[in-house]
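Q: The structure's right below; bear with me while I get my questions together.
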Amino acid sequence: MAASLAADDPTLAPPLDQVFSSLQRDYTDQHIHAAVTKLLQTPLTVSSKFHETVLKLSRSATDEPFVVTTNFDLIFERAKKRIPYWSYGTTP
Numbered sequence: 014m015a016a017s018l019a020a021d022d023p024t025l026a027p028p029l030d031q032v033f034s035s036l037q038r039d040y041t042d043q044h045i046h047a048a049v050t051k052l053l054q055t056p057l058t059v060s061s062k063f064h065e066t067v068l069k070l071s072r073s074a075t076d077e078p079f080v081v082t083t084n085f086d087l088i089f090e091r092a093k094k095r096i097p098y099w100s101y102g103t104t105p
């Protein structure tokens with residue numbers, strides 16, 4: 014892992030699941046979960062202009078926005094109020 018950081022070469026980096034497993038062993042699940050949650054929180058004052066553009070460009074056959082993403086942010090929900098969304102294991 015240190016070699017990939019020193020070389021600034023992402024192709025040398027280990028898979029993320031290995032990184033998280035190592036971190037969890039060293040710092041516990043609770044600490045890692047709290048740190049990741051904090052890092053992935055969407056700032057209150059973030060601009061949604063790029064997300065609005067994606068929604069305008071991504072239309073379904075019924076002219077509704079349709080985006081499939083693995084984003085962790087909630088900026089699409091800010092860009093278009095009441096936008097339907099699905100996440101693994103849930104429905105809107």
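Residues in the sequence shown are numbered consecutively from 14, following this note's numbering.
For glycine and all other residues, C-beta sits at the position ideal for the given N, C-alpha and C.
None of the values given here were measured: they were computed from a predicted structure.
Does DSSP put residue 23 in a helix, a strand or coil?
A: On the sequence shown, residue 23 is found 10 positions in, with the first residue counted as 1. Residue 23: helix per DSSP, three-state reduction.
Q: Just how far apart, CA to CA, sit residue 60 and residue 94?
A: In the sequence shown, counting from the first residue as 1, residue 60 sits at position 47. In the sequence shown, counting from the first residue as 1, residue 94 sits at position 81. Spanning the two alpha carbons is a distance of roughly 15 Å.
Q: Return the CA-CA distance between residue 91 and residue 76, expressed in angstroms with no decimal places.
A: The residue labelled residue 91 in the question sits at position 78 within the sequence shown. The residue labelled residue 76 in the question sits at position 63 within the sequence shown. Cα to Cα, residue 91 sits roughly 19 Å from residue 76.
Q: Residue 72 by DSSP, collapsed to three states: which one?
A: Numbered from its first residue, the sequence shown carries residue 72 at position 59. Note: residue 72 maps to strand in three-state DSSP.
Q: Using only alpha-carbon positions, find the residue among 66, 67, 72, 56 that is nearest to residue 87.
A: Stepping through the sequence shown from its first residue, residue 87 is reached at position 74. That would be 56, whose Cα lies nearest to the Cα of residue 87.
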